[in-house]
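Worksheet for the structure shown next.
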Amino acid sequence: MLRRTFAICVAAIFCGACASPVGIRIASPLEVQRYLTRNALTAEVPSDFSLNQLRRYDLMAAFKADPDAALVRLHAIAQTEDFPSDALFALAELSFLQAGAGSEQERYVASAIYAYAFLFPEDGRPPLGQLDPRERVAADLYNRAVALAFRRTRQGILTLEGLEGSGVFALPFGSLTIERPPDLL
280 MLRRTFAICV
290 AAIFCGACAS
300 PVGIRIASPL
310 EVQRYLTRNA
320 LTAEVPSDFS
330 LNQLRRYDLM
340 AAFKADPDAA
350 LVRLHAIAQT
360 EDFPSDALFA
370 LAELSFLQAG
380 AGSEQERYVA
390 SAIYAYAFLF
400 PEDGRPPLGQ
410 LDPRERVAAD
420 LYNRAVALAF
430 RRTRQGILTL
440 EGLEGSGVFA
450 LPFGSLTIER
460 PPDLL
């Protein structure tokens, strides 16, 4: 009897140990597409492209703990590398997310600047590939960031109304001077 109980216990242990710890679930193509193309505009989360940059520079934990400090660090790293396109895209998207989280118009302006620099590389930099999915996202980030940065606010921050000739606005990484002709508005 003892042998039989022991044999059953051993068999149960071996059978349990042979079970696969990994499961498979079939997902619909639409669900997979949504997951693969999620970004700051569609799901209010960073895209995989931006997350890869945070991982590359070991900033994932820093971004979760203090996103503003992580963005300053990412900007500094990108500056030392002459602003590679991957870093510019990540800075544009992550700045847009941070602006939305805190309604900071300065971050929207920063997002627009990064997106513009990503979309229109300076001389000597390779242009974006024709099938680069980040191009459409960056264009949308730019358009949305500009619209949100220059909207009317109660405080009058970064609004073109009342701007007599020019204005200097503080940004997370410096300042921006905006000039407009008096007959613009």
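Just remember that the numbering used here sits 279 ahead of the position in the sequence shown, which is counted from 1. Heads up, the beta-carbon is just placed ideally off N, CA and C, and yes, glycines get one too. These numbers were taken from a predicted model, which means no experiment stands behind them.
* Are at least three pairs of beta-carbons, each pair with one atom in the segment 367–377 and one in the segment 386–396, less than 8 Å apart? -> yes
* To do: Note the first and the last residue of the continuous alpha helix (DSSP H) segment covering T456.
  => For the purposes of this step, residue 456 is taken as the residue at position 177 of the sequence shown. From DSSP, T456 is part of no alpha helix (DSSP H) but of the beta strand (DSSP E) over G453 to E458.
* Span of the alpha helix (DSSP H), counted from its first residue to its last, around A421 -> Within the sequence shown, the letter at position 142 stands for residue 421. Ala is not the amino acid found at residue 421; the sequence shown has Tyr there. Unbroken alpha helix (DSSP H) run through Y421: R413 to A428.
* Can you list, in chain order, the residues of its chain whose CB lies under 8 Å from that of R352, leaving out five sequence neighbours each side? -> Within the sequence shown, numbered from 1, the residue matching residue 352 stands at position 73. Y336, L338 and A341.
* **Proximal residues to G453 (C-beta, below 6 Å), its chain only, five neighbours per side dropped** => Reading the sequence shown from its first residue, position 174 is the one you call residue 453. So the list is empty, once near-sequence residues are dropped.
* Asked: Sorted by chain position, which residues of the same chain lie with C-beta nearer than 8 Å to P300's C-beta, five sequence neighbours on each side aside?
  -> The residue labelled residue 300 in the question sits at position 21 within the sequence shown. Here the set comprises nothing.
* Asked: So, are the CB atoms of L420 and L350 less than 8 Å apart?
  -> Along the sequence shown, one-based indexing puts residue 420 at 141. Along the sequence shown, one-based indexing puts residue 350 at 71. Against a cut-off of 8 Å, the Cβ pair of L350 and L420 comes out as no contact.
* To do: Answer yes or no: do N318 and E383 have a C-beta to C-beta separation smaller than 8 Å?
  => Reading the sequence shown from its first residue, position 39 is the one you call residue 318. Reading the sequence shown from its first residue, position 104 is the one you call residue 383. No, Cβ-Cβ distance for N318 and E383 is not below 8 Å.
* Asked: Nearest to Y468 by CA position, among A306, A426, D347 and R413, is which residue?
  -> As shown, the chain starts at 280 and ends at 464. That puts residue 468 outside it, with no answer to give.
* Same chain only: Cβ atoms within 6 Å of A346, ignoring 5 sequence neighbours per side -> Sequence index remark: in the sequence shown, residue 346 carries index 67 (1-based). For the sequence presented, residue 346 should be read as Pro rather than Ala. Only Q377 meet the Cβ criterion.
* By a C-beta neighbour count over all protein chains shown, 10 Å radius and 16 as the cutoff for buried, is A417 buried or exposed? -> The residue labelled residue 417 in the question sits at position 138 within the sequence shown. A417 is buried by the Cβ-count criterion.
* Residues near L407 by beta carbon distance below 6 Å, same chain, minus five either side -> The residue labelled residue 407 in the question sits at position 128 within the sequence shown. Result list for L407: E414, in chain order.
* Grouping DSSP H, G and I as helix and E and B as strand, with all else coil, what is V351? -> Start at 1 with the first residue of the sequence shown, and residue 351 comes out as number 72. If DSSP states are grouped into helix, strand and coil, V351 belongs with the helices.
* Could you give the distance in angstroms between the alpha-carbon of V311 and the alpha-carbon of R304? -> Your numbering for residue 311 matches position 32 in the sequence shown. Your numbering for residue 304 matches position 25 in the sequence shown. C-alpha separation (whole angstroms): 12 Å.
* **Cβ pair P451, E385 closer than 8 Å** => Sequence index remark: in the sequence shown, residue 451 carries index 172 (1-based). Sequence index remark: in the sequence shown, residue 385 carries index 106 (1-based). Result yes, Cβ atoms of P451 and E385 sit closer than 8 Å.
* To do: Assign V301 to one of three DSSP states: helix, strand, or coil.
  => Against the sequence shown, residue 301 aligns to sequence position 22. DSSP places V301 in coil when its eight states are reduced to three.
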